[in-house]
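Read in order, the letters of the sequence shown correspond to residues 278 to 722 in the working numbering.
All C-beta atoms, glycine included, are put in the ideal place defined by N, C-alpha and C.
In what follows, a single structure is set out as structure tokens and then discussed.
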Amino acid sequence: MVLLVTRSLPTLPRQAGPAARRAIHGVAGSGSRRVMTSRPQQLSRRSGASPASCMGPAASTASLRGSTTIRLMSTAKREKVKVLAVLYDGGKHADEVPGLLGTTQNELGIRKWLEEQGHTLVTTSDKEGENSTFDKELVDAEVIITTPFHPGYLTAERLAKAKKLKLAITAGIGSDHVDLDAANKTNGGITVAEVTGSNVVSVAEHVVMTILVLVRNFVPAHEQIQAGEWDVAAAAKDEYDLEGKVVGTVAVGRIGERVLRRLKAFDCKELLYYDYQPLSPEKEKEIGCRRVQNLEEMLAQCDVVTINCPLHEKTRGLFNKELISKMKKGSWLVNTARGAIVVKEDVAEALKSGHLRGYGGDVWFPQPAPKDHVLRYAKNPFGGGNAMVPHMSGTSLDAQKRYALGTKSILESYLTGKHDYKPEDLIVHGGDYATKAYGERAKKQ
Numbered sequence: 278m279v280l281l282v283t284r285s286l287p288t289l290p291r292q293a294g295p296a297a298r299r300a301i302h303g304v305a306g307s308g309s310r311r312v313m314t315s316r317p318q319q320l321s322r323r324s325g326a327s328p329a330s331c332m333g334p335a336a337s338t339a340s341l342r343g344s345t346t347i348r349l350m351s352t353a354k355r356e357k358v359k360v361l362a363v364l365y366d367g368g369k370h371a372d373e374v375p376g377l378l379g380t381t382q383n384e385l386g387i388r389k390w391l392e393e394q395g396h397t398l399v400t401t402s403d404k405e406g407e408n409s410t411f412d413k414e415l416v417d418a419e420v421i422i423t424t425p426f427h428p429g430y431l432t433a434e435r436l437a438k439a440k441k442l443k444l445a446i447t448a449g450i451g452s453d454h455v456d457l458d459a460a461n462k463t464n465g466g467i468t469v470a471e472v473t474g475s476n477v478v479s480v481a482e483h484v485v486m487t488i489l490v491l492v493r494n495f496v497p498a499h500e501q502i503q504a505g506e507w508d509v510a511a512a513a514k515d516e517y518d519l520e521g522k523v524v525g526t527v528a529v530g531r532i533g534e535r536v537l538r539r540l541k542a543f544d545c546k547e548l549l550y551y552d553y554q555p556l557s558p559e560k561e562k563e564i565g566c567r568r569v570q571n572l573e574e575m576l577a578q579c580d581v582v583t584i585n586c587p588l589h590e591k592t593r594g595l596f597n598k599e600l601i602s603k604m605k606k607g608s609w610l611v612n613t614a615r616g617a618i619v620v621k622e623d624v625a626e627a628l629k630s631g632h633l634r635g636y637g638g639d640v641w642f643p644q645p646a647p648k649d650h651v652l653r654y655a656k657n658p659f660g661g662g663n664a665m666v667p668h669m670s671g672t673s674l675d676a677q678k679r680y681a682l683g684t685k686s687i688l689e690s691y692l693t694g695k696h697d698y699k700p701e702d703l704i705v706h707g708g709d710y711a712t713k714a715y716g717e718r719a720k721k722q
């Protein structure tokens, strides 16, 4: 057992930078200790800490894969709750830009708030393999927070070991990293919630940007300049205008609708959408779009297709060789939904053959994408057509601010015992589906 002695800390001026704050708080901030396990270290056991948070030498190798931060603060006022956050590493960038809230360094801005209430926050990026910090800390965590950008996959096997887990929060939107059926059956029903709407604008803007990058053949032209070359014909031979093109979205939810609204200004020939639920006639008229009830029929008409549907059992692998063959030859495909909605090998082959002129987006499966992932390097016959980036569309600094606040709101609802969550944030709750799409799918099976 470690006796923790606290002391008063000097007040830092507002302009004090991250380094100055770490110099003080990294030693004895608020009676706590900060440990970054990007280098092998053994964590000390503190009063109130879980066995899983006290990693011995056996865990040192696993800790090399990511960083973990543990701070514990004792209180006699209320029972502690252990919160586990699986986030991506921000490195020096998170130090330079505190607005990178979704990182292991800045921890959604919730550490001080949680510690002041006597709760424990464990933050890690190490999530791969059964010896990961994620797996070890999950076993006695009551709350898990993760993001779509660095998801901690909550499989049925993992959930079965998480005997205390009551709440799973997605800091962002999209909870396909959770086995929702298993969540409904575990521990009397684990609540799965996300910060609905927090980054829909961010993703919609990224979709429009990616469409333009592909259609205007921007990437090869930019690479040409960086290489010190100048060949207008080489860039222009695969460059087109968006005006006069037919664009269709697979799903017209919060993101899909915003994409269509933004595309209206480009004077496209037609804006189409495929969705199980139609927009109101008033919205269709306002946007200038039309619903097509058959997916293959819509794909055959489109010069550009953008995927904006959630990932579930009916959309996993949806865009395979067969469905892609129904698309217009020489069309562009954009995917900012989920990587597993497409069959990556089939997309790469369609690009290589020229059936697809371009593919772009920011979603991969798995994430992070391995170095040999085929969509890192796939090209069309002209050597272009690839507009893939890391999973970044929904994690702009503005979006991070929104989903950090939303995460705190969900946590507060749980920790106060009020459970007055926003209905639109709930995915599963009380052992059942809480959203229309997921709920209706479950009942029809």
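About 13 angstroms separates the beta carbon of residue 452 from that of residue 671, a gap too long to meet the 8 angstroms contact definition. In this structure, the alpha-carbon of residue 439 lies about 10 angstroms from that of residue 467.
Counting C-beta atoms within 10 angstroms of its own C-beta, residue 700 has fewer than 16 neighbours from the protein chains shown and is therefore classed as exposed. The distance from the Cβ of residue 388 to that of residue 398 is about 5 angstroms, consistent with a contact at the 8 angstroms cut-off.
Where residue 665 is concerned, the enclosing beta strand (DSSP E) starts and stops at 663-665. Sequence-distant partners of residue 579 (beyond 5 residues in either direction) whose C-beta falls short of 8 angstroms from its own C-beta, in its chain, are 523, 524, 525, 549, 604, 605, 608. Beta-bridge partners of residue 430 (DSSP): none assigned. Contact between residue 448 and residue 361 does not hold, since the beta-carbon distance rounds to 13 angstroms and is not under 8 angstroms. In the three-state reduction of the DSSP assignment, residue 499 falls in the helix class, which pools H, G and I. If you draw a 10 Å sphere on the C-beta of residue 644, you find 16 or more other C-beta atoms in it, and that means buried.
Contact between the segment 649-665 and the segment 675-693 is absent, with fewer than three C-beta pairs closer than 8 angstroms.
By the CB criterion at 9 angstroms, residue 593 and residue 618 fall inside the cutoff. Between the C-alpha atoms of residue 461 and residue 455 there is a straight-line separation of about 11 angstroms.
In this structure, residue 611 sits away from residue 532, with a CB-CB distance that is not shorter than 9 angstroms. A distance below 8 angstroms between beta-carbons, with the five flanking residues on each side excluded, links residue 508 to the following residues of its chain, in chain order: 501.
Within the same chain, Cβ atoms closer than 6 angstroms to the Cβ of residue 517 are found at 492, the five residues on either side in sequence being excluded. The three-state reading of DSSP puts residue 362 in strand, counting E and B together. The three-state secondary structure of residue 708, taken from DSSP, is coil. As for any alpha helix (DSSP H) of minimum length 4 sitting wholly inside the segment 571-607, the runs are 572-578, 598-602, ordered along the chain. In this structure, residue 680 sits away from residue 420, with a CB-CB distance that is not shorter than 9 angstroms. Sequence-distant partners of residue 572 (beyond 5 residues in either direction) whose C-beta falls short of 6 angstroms from its own C-beta, in its chain, are 551. For residue 414, no beta strand (DSSP E) segment is defined; the enclosing uninterrupted segment is the alpha helix (DSSP H) at 410-415. Taken through DSSP and simplified to helix, strand or coil, residue 507 comes out as coil.
Going by DSSP, residue 680 is part of the alpha helix (DSSP H) stretching over 674-692. The shortest CA-to-CA distance from residue 649 to any of 625, 631, 661 is the one to 625.
For residue 567, the CB contacts under 8 angstroms within the same chain, skipping 5 residues up- and downstream, are 547, 548, 549, 550, 561 in chain order.
Secondary structure note for residue 531: its alpha helix (DSSP H) is the uninterrupted segment 531-540. Distance from the CA atom of residue 394 to the CA atom of residue 694, rounded to whole angstroms, is 14 angstroms.
For residue 678, the closest of 601, 496, 366, 374 by C-alpha to C-alpha distance is 374. Taking all protein chains shown into account, residue 553 has fewer than 16 neighbouring C-beta atoms within 10 Å of its C-beta and is therefore exposed.
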